[in-house]
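Report on the following structure.
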Amino acid sequence: MEYIKVSQAAEKWGITPRRVRVLCAEGKIEGVIRKGKLYMIPETAVKPMDGRLSKTNIIAEIEHKKERLNAMRPLTQGELNRLRQEFMVEFTYNSNAIEGNTLTLQETAMVLEGMTVDQKPLKDHLEAVGHRDAFLYVRDIATKDVPLNESTIKAIHSLVLMNQPDDKGVYRRIPVRIMGAFTEPVQPYLIEPKMTDLLAKNEERKETMSVIERIALFHLEFEGIHPFVDGNGRTGRLIMNLELIRHGYPAINVKFADRKRYYNAFDSFYRDNDPEPMINLVAEYVSKRYDDYFRILDNV
346 MEYIKVSQAA
356 EKWGITPRRV
366 RVLCAEGKIE
376 GVIRKGKLYM
386 IPETAVKPMD
396 GRLSKTNIIA
406 EIEHKKERLN
416 AMRPLTQGEL
426 NRLRQEFMVE
436 FTYNSNAIEG
446 NTLTLQETAM
456 VLEGMTVDQK
466 PLKDHLEAVG
476 HRDAFLYVRD
486 IATKDVPLNE
496 STIKAIHSLV
506 LMNQPDDKGV
516 YRRIPVRIMG
526 AFTEPVQPYL
536 IEPKMTDLLA
546 KNEERKETMS
556 VIERIALFHL
566 EFEGIHPFVD
576 GNGRTGRLIM
586 NLELIRHGYP
596 AINVKFADRK
606 RYYNAFDSFY
616 RDNDPEPMIN
626 LVAEYVSKRY
636 DDYFRILDNV
(Lines of atoms letter the chains of each structure in order from A and count residues from 1; the text may use other names and numbers.)
(Lines give C-alpha, C1' and ligand atoms only; values in the text may rest on other atoms or scores of the structure.)
Protein backbone atom coordinates (compact mmCIF):
# COMPACT_ATOMS: atom_id res chain seq x y z
CA MET A 1 0.00 0.00 0.00
CA GLU A 2 1.22 3.51 -0.83
CA TYR A 3 1.32 6.13 1.95
CA ILE A 4 1.36 9.93 1.98
CA LYS A 5 2.56 12.48 4.52
CA VAL A 6 0.34 14.67 6.70
CA SER A 7 1.18 17.70 4.54
CA GLN A 8 0.15 15.83 1.38
CA ALA A 9 -3.14 14.72 2.95
CA ALA A 10 -3.81 18.28 4.08
CA GLU A 11 -3.28 19.59 0.54
CA LYS A 12 -5.40 16.81 -0.95
CA TRP A 13 -8.34 17.38 1.41
CA GLY A 14 -8.13 21.17 1.67
CA ILE A 15 -7.63 21.24 5.45
CA THR A 16 -4.73 22.19 7.69
CA PRO A 17 -1.85 19.82 8.56
CA ARG A 18 -2.65 20.43 12.22
CA ARG A 19 -6.21 19.24 11.63
CA VAL A 20 -4.93 16.10 9.84
CA ARG A 21 -2.71 15.28 12.80
CA VAL A 22 -5.64 15.68 15.19
CA LEU A 23 -7.76 13.34 13.04
CA CYS A 24 -4.92 10.80 13.03
CA ALA A 25 -4.53 11.02 16.82
CA GLU A 26 -8.27 10.55 17.29
CA GLY A 27 -8.24 7.45 15.08
CA LYS A 28 -10.62 8.94 12.52
CA ILE A 29 -8.49 8.05 9.48
CA GLU A 30 -8.38 4.36 8.70
CA GLY A 31 -5.06 2.58 8.15
CA VAL A 32 -2.78 5.27 9.59
CA ILE A 33 0.70 4.14 10.64
CA ARG A 34 2.62 6.09 13.27
CA LYS A 35 6.41 6.27 13.17
CA GLY A 36 7.59 8.21 16.20
CA LYS A 37 6.00 11.63 15.86
CA LEU A 38 5.15 11.10 12.18
CA TYR A 39 1.88 9.80 10.72
CA MET A 40 1.81 7.93 7.42
CA ILE A 41 -1.62 7.98 5.77
CA PRO A 42 -2.87 5.50 3.16
CA GLU A 43 -3.03 7.19 -0.24
CA THR A 44 -6.57 5.83 -0.68
CA ALA A 45 -7.80 7.13 2.71
CA VAL A 46 -11.07 9.08 2.60
CA LYS A 47 -11.32 12.50 4.20
CA PRO A 48 -13.31 12.15 7.46
CA MET A 49 -16.34 14.32 8.06
CA ASP A 50 -15.41 17.44 10.02
CA GLY A 51 -16.88 16.80 13.46
CA ARG A 52 -16.63 20.45 14.39
CA LEU A 53 -18.94 21.49 11.59
CA SER A 54 -21.19 18.49 12.31
CA LYS A 55 -21.61 19.59 15.93
CA THR A 56 -22.94 22.98 14.97
CA ASN A 57 -24.63 21.33 11.98
CA ILE A 58 -24.34 24.59 10.10
CA ILE A 59 -23.61 23.07 6.68
CA ALA A 60 -26.47 20.57 7.02
CA GLU A 61 -28.69 23.37 8.32
CA ILE A 62 -27.93 25.50 5.26
CA GLU A 63 -28.83 22.63 2.93
CA HIS A 64 -32.11 22.16 4.78
CA LYS A 65 -32.89 25.88 4.47
CA LYS A 66 -32.02 25.77 0.78
CA GLU A 67 -34.51 22.95 0.21
CA ARG A 68 -37.15 24.70 2.31
CA LEU A 69 -36.84 27.96 0.36
CA ASN A 70 -36.97 26.14 -2.98
CA ALA A 71 -40.25 24.53 -1.90
CA MET A 72 -41.90 27.80 -0.88
CA ARG A 73 -44.04 30.09 -3.00
CA PRO A 74 -41.76 32.07 -5.31
CA LEU A 75 -41.60 35.81 -4.91
CA THR A 76 -43.20 37.99 -7.54
CA GLN A 77 -40.88 39.78 -9.92
CA GLY A 78 -41.64 43.05 -8.14
CA GLU A 79 -40.79 41.59 -4.74
CA LEU A 80 -37.62 40.02 -6.11
CA ASN A 81 -36.49 43.27 -7.73
CA ARG A 82 -37.07 45.18 -4.48
CA LEU A 83 -35.01 42.70 -2.46
CA ARG A 84 -32.25 42.66 -5.06
CA GLN A 85 -32.05 46.45 -5.08
CA GLU A 86 -31.86 46.67 -1.30
CA PHE A 87 -29.19 43.99 -1.16
CA MET A 88 -27.14 45.63 -3.90
CA VAL A 89 -27.07 48.95 -2.05
CA GLU A 90 -26.10 47.33 1.25
CA PHE A 91 -23.51 45.05 -0.35
CA THR A 92 -21.95 47.96 -2.25
CA TYR A 93 -21.84 50.12 0.87
CA ASN A 94 -20.31 47.45 3.13
CA SER A 95 -17.81 46.03 0.63
CA ASN A 96 -16.53 49.50 -0.24
CA ALA A 97 -16.54 50.69 3.39
CA ILE A 98 -14.29 47.77 4.38
CA GLU A 99 -11.76 49.16 1.88
CA GLY A 100 -12.00 52.75 3.14
CA ASN A 101 -14.80 54.31 1.08
CA THR A 102 -16.38 57.18 3.07
CA LEU A 103 -19.93 57.08 1.65
CA THR A 104 -22.62 56.21 4.20
CA LEU A 105 -25.33 53.67 3.39
CA GLN A 106 -27.77 56.46 2.54
CA GLU A 107 -25.18 58.28 0.42
CA THR A 108 -24.38 55.05 -1.42
CA ALA A 109 -28.08 54.67 -2.27
CA MET A 110 -28.17 58.25 -3.55
CA VAL A 111 -25.09 57.76 -5.73
CA LEU A 112 -26.55 54.57 -7.23
CA GLU A 113 -29.67 56.55 -8.12
CA GLY A 114 -27.52 59.01 -10.09
CA MET A 115 -27.07 61.78 -7.52
CA THR A 116 -23.86 63.33 -6.24
CA VAL A 117 -22.94 63.91 -2.61
CA ASP A 118 -21.29 67.20 -1.65
CA GLN A 119 -17.85 67.08 -0.06
CA LYS A 120 -17.31 63.42 -0.92
CA PRO A 121 -14.49 62.46 -3.33
CA LEU A 122 -15.26 61.58 -6.92
CA LYS A 123 -13.31 58.36 -6.29
CA ASP A 124 -15.91 57.25 -3.72
CA HIS A 125 -18.74 57.92 -6.18
CA LEU A 126 -17.03 55.92 -8.93
CA GLU A 127 -16.26 53.04 -6.56
CA ALA A 128 -19.96 52.75 -5.73
CA VAL A 129 -21.00 52.74 -9.38
CA GLY A 130 -18.22 50.32 -10.34
CA HIS A 131 -19.13 47.87 -7.58
CA ARG A 132 -22.81 48.04 -8.56
CA ASP A 133 -21.97 47.29 -12.19
CA ALA A 134 -19.64 44.45 -11.16
CA PHE A 135 -22.37 42.85 -9.05
CA LEU A 136 -24.88 43.11 -11.89
CA TYR A 137 -22.31 41.40 -14.13
CA VAL A 138 -21.75 38.66 -11.54
CA ARG A 139 -25.48 38.09 -11.16
CA ASP A 140 -25.85 37.82 -14.92
CA ILE A 141 -23.01 35.35 -15.61
CA ALA A 142 -23.98 33.23 -12.58
CA THR A 143 -26.92 31.93 -14.63
CA LYS A 144 -24.81 31.23 -17.72
CA ASP A 145 -22.13 28.74 -18.67
CA VAL A 146 -19.29 31.15 -17.91
CA PRO A 147 -16.36 29.41 -16.16
CA LEU A 148 -14.54 30.88 -13.21
CA ASN A 149 -11.18 31.57 -14.82
CA GLU A 150 -8.65 34.37 -15.08
CA SER A 151 -10.62 36.13 -17.83
CA THR A 152 -13.77 36.20 -15.70
CA ILE A 153 -11.86 37.44 -12.65
CA LYS A 154 -10.20 40.20 -14.69
CA ALA A 155 -13.58 41.22 -16.14
CA ILE A 156 -15.03 41.58 -12.63
CA HIS A 157 -11.99 43.56 -11.53
CA SER A 158 -12.24 45.85 -14.56
CA LEU A 159 -15.70 46.94 -13.40
CA VAL A 160 -14.66 47.31 -9.76
CA LEU A 161 -11.71 49.52 -10.75
CA MET A 162 -13.49 51.58 -13.39
CA ASN A 163 -11.90 54.73 -11.93
CA GLN A 164 -8.36 53.44 -12.55
CA PRO A 165 -8.14 52.68 -16.30
CA ASP A 166 -4.43 51.79 -16.25
CA ASP A 167 -4.83 49.19 -13.51
CA LYS A 168 -8.23 47.60 -14.12
CA GLY A 169 -8.16 43.96 -15.16
CA VAL A 170 -4.34 43.90 -15.08
CA TYR A 171 -2.21 41.89 -12.68
CA ARG A 172 0.03 44.13 -10.61
CA ARG A 173 3.63 44.63 -11.71
CA ILE A 174 4.99 45.80 -8.36
CA PRO A 175 5.39 44.13 -4.93
CA VAL A 176 2.81 45.17 -2.33
CA ARG A 177 2.29 44.74 1.40
CA ILE A 178 -0.90 44.32 3.41
CA MET A 179 -0.35 46.39 6.53
CA GLY A 180 -0.78 44.39 9.72
CA ALA A 181 -1.36 41.07 7.91
CA PHE A 182 0.39 37.79 8.69
CA THR A 183 1.15 37.11 5.04
CA GLU A 184 3.03 38.87 2.29
CA PRO A 185 1.44 38.79 -1.17
CA VAL A 186 3.41 36.89 -3.79
CA GLN A 187 5.93 38.63 -6.01
CA PRO A 188 4.54 39.88 -9.34
CA TYR A 189 6.24 37.20 -11.45
CA LEU A 190 4.48 34.50 -9.39
CA ILE A 191 0.94 35.89 -9.71
CA GLU A 192 0.00 34.17 -12.95
CA PRO A 193 1.25 30.66 -11.97
CA LYS A 194 -0.30 31.03 -8.51
CA MET A 195 -3.66 32.02 -10.01
CA THR A 196 -3.49 29.09 -12.44
CA ASP A 197 -2.76 26.76 -9.54
CA LEU A 198 -5.56 28.21 -7.39
CA LEU A 199 -8.15 27.80 -10.14
CA ALA A 200 -7.02 24.21 -10.75
CA LYS A 201 -7.24 23.40 -7.03
CA ASN A 202 -10.69 24.97 -6.93
CA GLU A 203 -11.87 22.51 -9.56
CA GLU A 204 -10.31 19.56 -7.73
CA ARG A 205 -11.92 20.57 -4.45
CA LYS A 206 -15.37 20.22 -5.98
CA GLU A 207 -14.91 16.47 -5.55
CA THR A 208 -14.01 16.57 -1.86
CA MET A 209 -15.40 19.71 -0.23
CA SER A 210 -18.78 21.30 0.35
CA VAL A 211 -19.56 24.42 -1.69
CA ILE A 212 -19.33 26.66 1.39
CA GLU A 213 -15.94 25.28 2.45
CA ARG A 214 -14.53 25.50 -1.07
CA ILE A 215 -15.68 29.08 -1.61
CA ALA A 216 -14.26 30.22 1.73
CA LEU A 217 -10.91 28.57 1.03
CA PHE A 218 -10.73 30.11 -2.45
CA HIS A 219 -11.37 33.54 -0.93
CA LEU A 220 -8.60 33.10 1.63
CA GLU A 221 -6.06 32.03 -0.98
CA PHE A 222 -7.11 34.61 -3.59
CA GLU A 223 -6.61 37.44 -1.12
CA GLY A 224 -3.23 35.97 -0.16
CA ILE A 225 -2.08 36.12 -3.78
CA HIS A 226 -3.43 39.69 -4.00
CA PRO A 227 -3.15 39.71 -7.80
CA PHE A 228 -4.16 43.32 -8.41
CA VAL A 229 -2.65 46.59 -7.26
CA ASP A 230 -6.04 47.64 -5.84
CA GLY A 231 -9.58 46.26 -5.57
CA ASN A 232 -8.62 42.76 -4.42
CA GLY A 233 -11.02 42.64 -1.48
CA ARG A 234 -14.03 43.85 -3.46
CA THR A 235 -13.20 41.52 -6.35
CA GLY A 236 -12.72 38.58 -3.99
CA ARG A 237 -16.10 39.10 -2.31
CA LEU A 238 -17.77 39.38 -5.71
CA ILE A 239 -16.17 36.10 -6.80
CA MET A 240 -17.44 34.52 -3.60
CA ASN A 241 -20.98 35.65 -4.45
CA LEU A 242 -20.65 34.49 -8.05
CA GLU A 243 -19.96 30.97 -6.83
CA LEU A 244 -22.71 31.08 -4.19
CA ILE A 245 -25.37 32.24 -6.65
CA ARG A 246 -24.19 29.76 -9.28
CA HIS A 247 -24.75 26.88 -6.84
CA GLY A 248 -28.20 28.02 -5.75
CA TYR A 249 -27.28 29.90 -2.57
CA PRO A 250 -28.05 33.55 -1.80
CA ALA A 251 -25.35 36.18 -2.17
CA ILE A 252 -23.87 37.37 1.11
CA ASN A 253 -22.91 40.77 2.41
CA VAL A 254 -19.92 40.85 4.77
CA LYS A 255 -20.75 43.78 7.03
CA PHE A 256 -18.40 46.69 7.66
CA ALA A 257 -19.22 46.21 11.36
CA ASP A 258 -17.87 42.64 11.07
CA ARG A 259 -14.57 43.69 9.52
CA LYS A 260 -12.50 42.79 12.61
CA ARG A 261 -13.83 39.22 12.59
CA TYR A 262 -13.29 39.11 8.82
CA TYR A 263 -9.66 40.25 9.12
CA ASN A 264 -9.08 37.85 12.01
CA ALA A 265 -10.23 34.97 9.78
CA PHE A 266 -7.38 35.78 7.37
CA ASP A 267 -4.94 35.93 10.28
CA SER A 268 -6.11 32.51 11.50
CA PHE A 269 -5.48 31.05 8.07
CA TYR A 270 -2.08 32.60 7.38
CA ARG A 271 -0.78 32.51 10.95
CA ASP A 272 -2.27 29.19 12.13
CA ASN A 273 -3.11 27.52 8.80
CA ASP A 274 -6.72 27.29 10.01
CA PRO A 275 -9.51 28.05 7.47
CA GLU A 276 -12.38 27.30 9.88
CA PRO A 277 -13.03 30.92 11.00
CA MET A 278 -13.61 32.01 7.39
CA ILE A 279 -15.70 28.91 6.61
CA ASN A 280 -17.87 29.62 9.64
CA LEU A 281 -18.17 33.30 8.74
CA VAL A 282 -19.36 32.53 5.21
CA ALA A 283 -21.71 29.79 6.43
CA GLU A 284 -23.29 32.03 9.05
CA TYR A 285 -23.89 34.79 6.51
CA VAL A 286 -25.53 32.33 4.09
CA SER A 287 -27.72 30.95 6.88
CA LYS A 288 -28.78 34.46 7.90
CA ARG A 289 -29.73 35.35 4.32
CA TYR A 290 -32.09 32.36 4.28
CA ASP A 291 -33.61 33.52 7.56
CA ASP A 292 -34.18 36.95 6.05
CA TYR A 293 -36.04 35.39 3.13
CA PHE A 294 -38.18 33.26 5.45
CA ARG A 295 -39.19 36.30 7.51
CA ILE A 296 -40.31 38.06 4.35
CA LEU A 297 -42.19 35.07 2.93
CA ASP A 298 -43.89 34.32 6.24
CA ASN A 299 -45.40 37.80 6.17
CA VAL A 300 -46.73 37.85 2.59
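All residue numbers for the sequence shown refer to my numbering, where the first residue is 346 and numbers rise by one.
Don't be surprised by glycine CBs; every beta carbon is placed ideally from N, CA and C.
Nearest neighbour of residue i, chosen from the options [CA to CA]
i, options, result
"L589", "I501, Y638 and R484", "R484"
"G576", "A454, D617 and N446", "N446"
"E549", "Y348, W358 and D469", "W358"
"Q451", "T461, E444 and I404", "T461"
"K633", "K373, E356, T361 and E408", "E408"
"M385", "L457, K392 and C369", "C369"
"E444", "F639, D619 and A602", "A602"
"R616", "T528, A355, L535 and V515", "T528"
"Y638", "L383, L420, P492 and K350", "L420"
"G593", "L414, A354, H470 and M455", "L414"
"N618", "V434, K350 and A355", "A355"
"S600", "G381, G372, N402 and F432", "Before going further, note that residue 600 is Lys rather than Ser in the sequence given. For K600, the nearest C-alpha among the options comes from F432."
"V391", "R427, Y348, G381 and R363", "Y348"
"Q532", "M540, T541, V521 and A526", "V521"
"Y635", "K373, K380 and K410", "K410"
"I374", "K539, M455 and V365", "V365"
"E406", "G578, S555, G372 and N644", "S555"
"K350", "K380, E371 and G372", "K380"
CB-CB length for residue i against residue j, believed under 8 Å
i, j, result
"V505", "T580", "5 Å"
"N494", "L544", "6 Å"
"I501", "A479", "5 Å"
"A610", "P622", "4 Å"
"I523", "H571", "7 Å"
"L457", "A473", "6 Å"
"D512", "F573", "7 Å"
"I404", "I498", "With 8 Å as the limit, I404 and I498 do not qualify as a contact, their Cβ atoms being about 26 Å apart."
"L448", "K468", "Not a contact, Cβ separation roughly 10 Å."
"I624", "A526", "Rounded, the Cβ-Cβ distance is 19 Å, inconsistent with contact."
Same chain, Cβ closer than 8 Å to residue i, neighbours up to 5 away in sequence not counted
i, result
"M346", "G376, P387, E388 and T389"
"G475", "L504, V505, L506, M507 and N508"
"R397", "Caution applies to R397, whose pLDDT of 49 falls short of 50 and renders its modelled position unreliable; the model cannot decide the point."
"L471", "M507 and N508"
"E412", "none"
"T541", "E495"
Beta-bridge partners of residue i, as assigned by DSSP
i, result
"P387", "Y348"
"R379", "Y384"
Contacts around residue i, its chain only, beta-carbon distance under 6 Å, and the 5 residues preceding and following it disregarded
i, result
"Y658", "The structure shown does not extend to residue 658, since the chain is modelled only from 346 to 645, so the question has no answer here."
"S613", "D619 and P622"
"Y516", "I536 and P572"
"R591", "A487"
Exposure of residue i, with buried meaning 16 or more beta-carbon neighbours within 10 Å
i, result
"I584", "buried"
"I378", "exposed"
"A628", "buried"
"K489", "exposed"
"E568", "buried"
"T453", "buried"
"L383", "exposed"
"T361", "buried"
"S352", "exposed"
"Y482", "buried"
"R518", "exposed"
"P530", "buried"
"R559", "buried"
"N547", "buried"
"G578", "buried"
Sequence-distant residues of the same chain with beta carbon closer than 7 Å to residue i, five excluded per side
i, result
"V626", "Residue 626 is actually Leu in this sequence, not Val. Excluding positions up to five away in sequence, the list reads R606, Y607 and A610."
"M417", "L642"
"E343", "There is simply no residue 343 to check, as the chain begins at 346 and stops at 645 in what is shown."
"R604", "I443"
"N439", "N598, V599, K600 and F601"
"S399", "Reliability fails at S399, whose pLDDT of 45 lies under 50, so the model's placement of it is uncertain and the value that follows must be treated cautiously. Nothing listed; no residue qualifies."
"R582", "S440 and V599"
"M455", "V462"
Within-8 Å CB hit, residue i to chain B
i, result
"G593", "Reference to chain B is not applicable here, since this structure consists of a single protein chain."
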